[in-house]
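Q: Numbering (the working numbering), first residue to last: 760 to 1372.
Written as structure tokens, this is what we have:
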């Protein structure tokens, strides 16, 4: 089947129509950027001399302006496992650039924080807005106008969206994202979850828990569960912004090095000029990230059970390219895209097992053959997405891409003709409490509908105290409010997962309802998240009182307070907790005060930018 599914076509056409004016304005921006704005030809001699003063052996080539100079924007630090491998990448890239007559310079660094380190800590309140900080840092890095192409070194939760948002404002530059790959598999995921729940019940101590966590997160590379970080890498493949198959190759391998080398060679081929003449293969980032590429990213989320965090990040990425999407688009795509992968927490195997089973090559080929993916997008690699249905291997030390005939493990990865379930893993819920999303790919279908009294909290630590005191031993919808972007930066509430999982295992009907975020590693407990509008500013979640009946239903798409209408209307919303004031959170007050809705991307910088356009 080669014809595009009619629902995919309809949603794409609707996005194109909705975005027509802003997309045209964006394309005009990048056209002006190439011809008269942010490029080396516009620099004075003094500007240029500053730019190549410390470039060593590359100085003569940069000085002539006859070859591409590649700007490297890196998220390297050596504290975080995912980003530690990037330390040696700039030198590798410079060598690879010289092989094709180009040059490369580190344009700048961006912060890279880890939700795994800050999970449940006050630093998590900086997490979402670190994405906007990364976008600003990327823009500063590229503002020097020294570059004709960009390589973005980033992999984790907020880093890839932030890099893209910033780079898209320089969308006349061809750009390739270079991942570093996942760490090798450690402790089995089921065992890790078992130890966490035992700790939540007080049955093992901190030493046993730390030993388990250390066996899970044990070396260089991305965490191996299928959370936001690895969903990022999946999306870059679906959008054609990696070299094909680059997402899940482990760090420190020859194949990983050759993929980075290939990306450097390729970026030199797709600039706006080549050998002093206009290049017929010019592929600017702003053209590659078009409406079809954004739709492909949504499709990938549904087909693989990807992170719900991208219900926030993808709208922000799209807005940076003048494209407007919403959760209705996600929901309609989810209804027709089958779930083809079960990667932990949706299954037992991790991303290494997924990759070994055929990984992204099988996913992309199956979706293309089923008419569930846009083939005709301008990828950074070739003419369309077809080559992303192949996997990279080394043959006689040379990098080649081979066909993958079929999944090598159908417990992990299935064909479109025999999916794990007929629809995707994300549902839109809406009702008198607002709009939110629920990831159901790991939730037993008998738990898709929860109707129970609420227990209302304004801090996740209070939930854990109530759990330990035995106050939640019942059917309950746990409500955690004033957790939205304007209230406290929308921290993830992942540390609630073990406690809620224990309650569910004890036979209770349990759900989470929040205007905050749940980790991309959310699992078996139904979680209605990103509820919008948030409590701060008048969201209906603020009207809930302990004991109110609430219905959360992924079957019908409902999220409703079952309260008499007159009583509901008469209720006030309580005052928000005091603003956070420690660990640097107060520095982000400007971002909190000006953030917009989660469905729009929860971005203060994009909201402010659009107000000026």
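Every residue, glycine too, gets a C-beta built ideally from N, C-alpha and C.
Looking at C-beta atoms only, is the number of pairs between the segment 863-881 and the segment 830-840 that lie closer than 8 Å three or more?
A: Taking 8 Å as the limit for Cβ pairs, the verdict is that the segment 830-840 does touch the segment 863-881.
Q: Exposed or buried, which one is residue 760 when buried takes at least 16 other CB atoms within 10 Å?
A: For this step, residue 760 is matched to residue 1 along the chain shown. Because residue 760 sits at a pLDDT of 41, beneath the cut-off of 50, its placement in the model cannot be relied upon, and the following sentence gives the value as read from the coordinates. Under this definition residue 760 is an exposed residue.
Q: Quick check: residue 1058 and residue 1132, are their CB atoms within less than 9 Å of each other?
A: Taking the first residue of the chain shown as position 1, residue 1058 is located at position 299. Taking the first residue of the chain shown as position 1, residue 1132 is located at position 373. Against a cut-off of 9 Å, the Cβ pair of residue 1132 and residue 1058 comes out as a contact.
Q: Using three-state DSSP, classify residue 760 as helix, strand or coil.
A: Taking the first residue of the chain shown as position 1, residue 760 is located at position 1. The predicted model places residue 760 with a pLDDT of 41, which falls under 50 and marks its position as unreliable; any figure quoted below should be read in that light. Coil at residue 760, not helix or strand.
Q: Near residue 1295, which residues of its chain fall below 7 Å by C-beta distance, leaving aside the five closest residues on each side in sequence?
A: Reading the chain shown from its first residue, position 536 is the one you call residue 1295. Within the same chain, residue 1295 has close Cβ partners 1241, 1243, 1245, 1246, 1335.
Q: Using DSSP with H/G/I as helix, E/B as strand and the rest coil, what is residue 1216?
A: As a first step, residue 1216 must be located in the chain shown, where it is residue number 457. Strand, per DSSP.
Q: How would you write the range of the alpha helix (DSSP H) that residue 918 sits in, first residue to last?
A: The sequence position of residue 918 within the chain shown is 159, counting from 1. Taken as a continuous stretch (DSSP letters only), the alpha helix (DSSP H) holding residue 918 covers 918-927.
Q: List the endpoints of the continuous beta strand (DSSP E) containing residue 1188.
A: Here residue 1188 refers to the residue found at position 429 when the chain shown is read from its first residue. Counting along the chain, the beta strand (DSSP E) containing residue 1188 begins and ends at 1185-1190.
Q: Are the beta-carbon atoms belonging to residue 1254 and residue 1066 less than 9 Å from one another?
A: For this step, residue 1254 is matched to residue 495 along the chain shown. For this step, residue 1066 is matched to residue 307 along the chain shown. No, they are not a contact pair.
Q: Do you know offhand how far residue 845's Cα is from residue 1158's?
A: As a working note, residue 845 is residue 86 in the chain shown. As a working note, residue 1158 is residue 399 in the chain shown. Taking the straight line joining both Cα atoms gives about 21 Å.
Q: Chain C beta carbons: is any one of them nearer than 9 Å to that of residue 989?
A: Annotation note: the requested chain C is absent from the structure, which comprises a single protein chain.
Q: Taking the alpha-carbon of residue 823 as reference, which of 802, 1103, 854, 982 has the nearest alpha-carbon?
A: What you label residue 823 is simply residue 64 of the chain shown in a count that begins at 1. Cα-wise, what sits closest to residue 823 is 802.
Q: Taking a contact to mean a Cβ-Cβ separation below 9 Å, would you say residue 1175 touches residue 1252 in this structure?
A: Numbered from its first residue, the chain shown carries residue 1175 at position 416. Numbered from its first residue, the chain shown carries residue 1252 at position 493. Cβ atoms of residue 1175 and residue 1252: not closer than 9 Å.
Q: Give me, in chain order, the residues of the same chain whose beta-carbon lies closer than 7 Å to that of residue 1373; leave out the 5 immediate sequence neighbours on both sides.
A: Outside the displayed range of the chain (760 to 1372) lies residue 1373, so it cannot be described from this structure.
Q: Spell out the partners DSSP gives residue 1066 in its beta bridges.
A: As a position in the chain shown, residue 1066 is number 307, starting the count at 1. Partner(s): none; residue 1066 has no beta bridge.
Q: Can you tell me where the alpha helix (DSSP H) with residue 989 in it begins and where it stops?
A: Locating residue 989 in the chain shown gives position 230, counting from the first residue. Counting along the chain, the alpha helix (DSSP H) containing residue 989 begins and ends at 987-997.
Q: Based on the DSSP output, what are the partners of residue 1161 in its beta bridges?
A: By 1-based counting over the chain shown, the position of residue 1161 is 402. In DSSP, residue 1161 forms a bridge with 1150.
Q: In the DSSP output, which residue or residues are listed as bridge partners for residue 1180?
A: Locating residue 1180 in the chain shown gives position 421, counting from the first residue. DSSP output for residue 1180 lists 1098 as bridge partner(s).
Q: Mapping the DSSP letters down to three states, classify residue 982 as helix, strand or coil.
A: As a first step, residue 982 is located in the chain shown; it is residue number 223 there, counting from the start. Of the three classes helix, strand and coil, the one that applies to residue 982 here is coil, per DSSP.
Q: Let me know the secondary structure DSSP gives residue 804 once reduced to three states.
A: By 1-based counting over the chain shown, the position of residue 804 is 45. Residue 804: helix per DSSP, three-state reduction.
Q: What ranges does the alpha helix (DSSP H) occupy inside the segment 929-973, keeping only unbroken runs of at least 4 residues that lie completely in it?
A: Whole alpha helix (DSSP H) segments, 4+ residues: 948-959.
Q: On the three-pair Cβ rule with 8 Å, is the segment 1091-1101 touching the segment 1140-1151?
A: No: fewer than three Cβ pairs fall under 8 Å.
Q: In angstroms, rounded to a whole number, what distance separates the CA positions of residue 1302 and residue 1230?
A: Stepping through the chain shown from its first residue, residue 1302 is reached at position 543. Stepping through the chain shown from its first residue, residue 1230 is reached at position 471. Spanning the two alpha carbons is a distance of roughly 22 Å.
Q: I'd like to check one pair, residue 1270 with residue 1285: are the Cβ atoms closer than 9 Å?
A: The residue given as residue 1285 occupies position 526 in the chain shown. The residue given as residue 1270 occupies position 511 in the chain shown. Cβ atoms of residue 1285 and residue 1270: closer than 9 Å.
Q: Which residue from 1222, 1182, 934, 912 puts its Cα closest to that of residue 1204?
A: Translated into the one-based positions of the chain shown, residue 1204 becomes position 445. Residue 1182 is the option with its Cα nearest to residue 1204.
Q: Sort 1346, 1232, 897, 1357 by Cα distance to residue 1290 and report the nearest one.
A: Against the chain shown, residue 1290 aligns to sequence position 531. Among 1346, 1232, 897, 1357, the Cα nearest to that of residue 1290 belongs to 1357.
Q: Pick helix, strand or coil for residue 843, following the three-state DSSP scheme.
A: Position 84 of the chain shown, counted from the first residue, corresponds to residue 843. It is helical.
Q: I'd like the list of long-range same chain contacts for residue 1015, defined as Cβ closer than 7 Å, with 5 residues on each side in sequence excluded.
A: Here residue 1015 refers to the residue found at position 256 of the chain shown. These residues qualify, in order along the chain: 940, 1008, 1009.
Q: Measure the C-alpha to C-alpha separation of residue 948 and residue 1107 and round it to an integer number of angstroms.
A: Counting from 1 along the chain shown, the entry for residue 948 is found at position 189. Counting from 1 along the chain shown, the entry for residue 1107 is found at position 348. Whole-angstrom Cα-Cα distance: 7 Å.
Q: Let me check understanding here. Comparing Cα to Cα, which of 1034, 873, 799, 1088 lies closest to residue 1188?
A: Residue mapping note: residue 1188 aligns to position 429 of the chain shown, counting from 1. Here the closest residue by C-alpha is 1088.
Q: Please confirm if the segment 1107-1121 is in contact with the segment 1211-1222, defined as three or more CB-CB distances below 8 Å between the two stretches.
A: Not touching, per the Cβ criterion.
Q: Excluding the five sequence neighbours on either side, which residues of its own chain have a C-beta within less than 8 Å of the C-beta of residue 1171, listed in chain order?
A: In the chain shown, residue 1171 corresponds to position 412, counting from 1. 1100, 1101, 1102, 1106, 1108, 1112, 1113, 1116.
Q: Which class does residue 905 belong to by DSSP, given the choice of helix, strand or coil?
A: Start at 1 with the first residue of the chain shown, and residue 905 comes out as number 146. Reduced to three states, the DSSP call for residue 905 is coil.
Q: In chain order, which continuous runs of the alpha helix (DSSP H) of length 4 or greater are located wholly inside the segment 1302-1333?
A: The segment 1302-1333 contains these whole alpha helix (DSSP H) runs: 1324-1329.
Q: Find the nearest neighbour of residue 930 within the set 945, 908, 876, 938, judged by alpha-carbon distance.
A: Reading the chain shown from its first residue, position 171 is the one you call residue 930. Answer by Cα proximity: 908.
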